[in-house]
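Asker:
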Amino acid sequence: MDGQENEQRSTGDEAVPENDRARRWAFRRPRPEWWLAGLRRLGIVLAVLGVTLAGVVAGTYAGGHQGTDIGPFRAELSLSPSLGGGTTIDVPPLGSLQLDSHSGPAYLTVKLGSLDQGRTEKLIDDPASISRASQSAVEDVRAGVMRLGLKTLASAVLATLLLAGLAFRNVRRTAWAGGLALMITAGSLGLAAATVRPQSIDEPRYEGLLVNAPAIVGDARRIANDYTKYADQLQRMVGNMSKLYTTVSALPVYEPAPGTTRVLHVSDMHLNPTGWSLIRTIVDQFGIDVVIDTGDITDWGSEPEASYVGSIGLLKKPYVYIRGNHDSPRTAAAVADQPNAIVLDNSTTTVSGLTIAGIGDPRFTPDKETSPAGSGLTTQVADQIIGSGEKLATTVQNSPTKVNIALVHDPASAGPLSGTCPLVLAGHMHERQVFKLPQAPDKDPTTLMVEGSTGGAGLRGLEGEKPTPLTMTVLYFDQQKMLQAYDEITVGGTGQSQVNLERHVIREPEKGAPVPVTPTPTRGGPESPAPTATATR
């Protein structure tokens, strides 16, 4: 019995330690699912974060674009991820402005596109609307940026949801990624909005052609303030043209005979929208048959400026144009696109019975300060300008029909045309001049009529104490296409609400206007002060 009991006890004693050892080993043994689960959770978090960031970036690039109207411009706003923030304003092809406008991981780009023709025509029709457009521009930008922010937010969240759905195929993880994308995008936009610095517009950094802008920003701001007052004055002036014409027409000085061809000579508009209002008034009330433009219709010849010429089509009259030194080939092409426009470049045309020859300025010098050819009539520049006059003279002489009027932009080009035609029209000087060219042997006399600036020299015309007057001339041709008389119209010559018209009657049309003879520059010869005094225009 004792042996059996001892055997049983021994068996039990041996069994118990084995169970205890098994239980103790079970507790001591490491459980890999604990730390593996932790790593798995961390991996999921990082994956969700990575997918979210990728979705936010992709969504921002894909949907962070918004077109908006800023005054007469069509602009494209876009957002992109950035560590430092800021804003770029692109003004193609002139360059860009860099603004330290805000902080935060969002960079704003504003690209000004073309002018909207409809809104531009409204600005031209109503000079007061220029002020309203400038006042509404700030609200236009604010509304555009708000729409851009909402669109970017929606695009970032949607892109993240799609990317997370494809990556995880798990509703919960996709929802977490979408919520995180909403927080990141909204937080970034909120930080940018909270750190906006409006004063940054006063300290821009310029790139491209706009590097010349800082030198004129101060004047431009003062000019903008003065322009509103001046535009109001011009609006009253245009309204008084009806009374003026009625009074002048009653004078028994000159009565246009039936069959008279009326030509309106304009020049150097330089983007002044008020000039179009004045031109339309004269065209309507003086019964103009043809409008002649001797160039510089724009300032820089850029693509946005090309929309300015859209008012040519509203005149409903033939519009003969030559390019000035501020007009680019793109400007000339924009003019040529108008249904009633004729662009001459060493060529001729016949309009309303008048045969007209013209050539564009051989230079393109929108910036007179940096362009070597725009700093004065040097010998090299004089040869270039005179050379264009010689080309046109050859074209006039070879014309199958007699040329009645020749067109050049710079009066320095007119010398070679002496004796080839009775009348040469020019601009460029921003100052009206009428004189005869030195008469060639056995040739008929040639009169040179230099127009002032129909646009009052644009903004630069307001830099002085008094604005540059707006000038244009109405030319009267009889049935034989000889110049019989001309009316010199001046608007705002004293900076007040004043319109002046001087009528000049030519008693002997075969001899031309009774004006003095003034020489023009010649190759290798002395420069003439009269036609070259302001050759830097």
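Residue 1 is where the sequence shown starts when you use this note's numbering, and the numbers rise one by one after that. Yeah, the Cβ is synthetic: ideal placement off N, Cα and C, and Gly gets one too.
1. According to DSSP, I342 sits in a beta bridge with which residue or residues?
2. Would DSSP call P81 helix, strand or coil?
3. For V515 and chain B, any beta-carbon pair shorter than 7 Å?
4. Since D487 sits in a beta bridge, which residues does DSSP pair it with?
5. How long is the line joining the alpha carbons of P519 and L437, rounded to whole angstroms?
6. Tell me whether S242 sits in a helix, a strand or coil according to DSSP, three-state version.
7. Using the three-state DSSP reduction, which class does I356 fall into: helix, strand or coil?
8. Throw me the rounded Cβ distance for the G86 and Q98 pair, which I believe falls under 8 Å.
9. Would you mind sorting E502 into buried or exposed? The rule is 16 or more other CB atoms within 10 Å of its CB.
10. Just reading off the beta strand (DSSP E) that V291 is part of, what are its end residues?
11. Starting from the C-beta of S80, find all residues in its chain whose C-beta is less than 8 Å away, skip the five residues before and the five after it, and write them out in chain order.
12. Per DSSP, which one or two residues make a beta bridge with Y107?
13. Starting from Q479, trace the alpha helix (DSSP H) both ways and give me its first and last residue.
14. I believe R280 touches L315 by the beta-carbon criterion, under 8 Å. Please report the beta-carbon distance rounded to the nearest angstrom.
15. What residues are listed by DSSP as bridge partners for Q433?
16. What are the boundary residues of the beta strand (DSSP E) that A426 is part of?
17. According to the Cβ coordinates, are A440 and S418 closer than 7 Å?
18. Please state whether DSSP places R40 in a helix, a strand or coil.
19. Tell me the residue span of the alpha helix (DSSP H) that contains R172.
20. Between T298 and D327, is the Cβ-Cβ spacing less than 7 Å?
21. Touching or not, the segment 391 to 404 and the segment 266 to 275, by the rule of three or more beta carbon pairs under 8 Å?
22. Report the option in T471, T420, A143, G389 whose CA atom is closest to the CA atom of Q433.
23. Can you grab the Cα-Cα spacing for the pair A37 / L148, in whole Å?
24. Name the two residues that bound the continuous beta strand (DSSP E) containing T350.
25. Return the Cβ separation of G259 and Q66 in integer angstroms, given the expectation that the two are a contact with Cβ distance under 8 Å.
26. Compare the Cα-Cα distances from T195 to each of V515, G389, G104 and report the closest residue.
27. Closest to L77 by CA distance: which of G178, A143, R41, G50 is it?
28. Using beta-carbon positions only, say whether R197 and S101 come within less than 7 Å of one another.
29. Could you tell me whether the segment 378 to 387 touches the segment 329 to 349, using the rule of 3 or more Cβ pairs below 8 Å?
30. How far does the alpha helix (DSSP H) with L278 in it reach, from first residue to last?
31. Report buried or exposed for G287, applying the criterion of at least 16 other Cβ atoms within 10 angstroms of its Cβ.
32. How would you write the range of the beta strand (DSSP E) that I385 sits in, first residue to last?
33. The alpha helix (DSSP H) spanning T331 covers which residue range?
34. Going by other Cβ atoms of all chains shown within 10 Å of its Cβ, with 16 needed for buried, is D442 buried or exposed?
35. Tell me the DSSP bridge mates of G492?
36. Give the range of the alpha helix (DSSP H) segment to which A306 is assigned.
Answerer: In this structure, then:
1. V320
2. strand
3. Among the protein chains of the structure shown there is no chain B, as only one such chain exists.
4. V474, R503
5. 6 Å
6. With a pLDDT of only 48 at S242, under the threshold of 50, the placement of this residue in the model should not be trusted; the figure read from the coordinates follows. If DSSP states are grouped into helix, strand and coil, S242 belongs with the helices.
7. Reduced to three states, the DSSP call for I356 is strand.
8. 7 Å
9. exposed
10. 290 to 293
11. T60, Y61, G64, A106, Y107, T109
12. S80
13. DSSP places Q479 in no alpha helix (DSSP H); its state is neither H nor E.
14. 7 Å
15. V450
16. 423 to 426
17. Between A440 and S418, the gap from beta carbon to beta carbon is short of 7 Å.
18. helix
19. Unbroken alpha helix (DSSP H) run through R172: 171 to 194.
20. Yes, these two residues count as a Cβ contact at 7 Å.
21. no
22. T471
23. 42 Å
24. 347 to 351
25. With 8 Å as the limit, G259 and Q66 do not qualify as a contact, their Cβ atoms being about 58 Å apart.
26. G104
27. A143
28. In this structure, S101 lies closer than 7 Å to R197 by Cβ.
29. no
30. 273 to 285
31. exposed
32. Looking at the DSSP string, I385 is not in any beta strand (DSSP E); the run it does join, the alpha helix (DSSP H), is 379 to 397.
33. 329 to 336
34. exposed
35. Answer is none; G492 lacks a bridge partner.
36. 303 to 306
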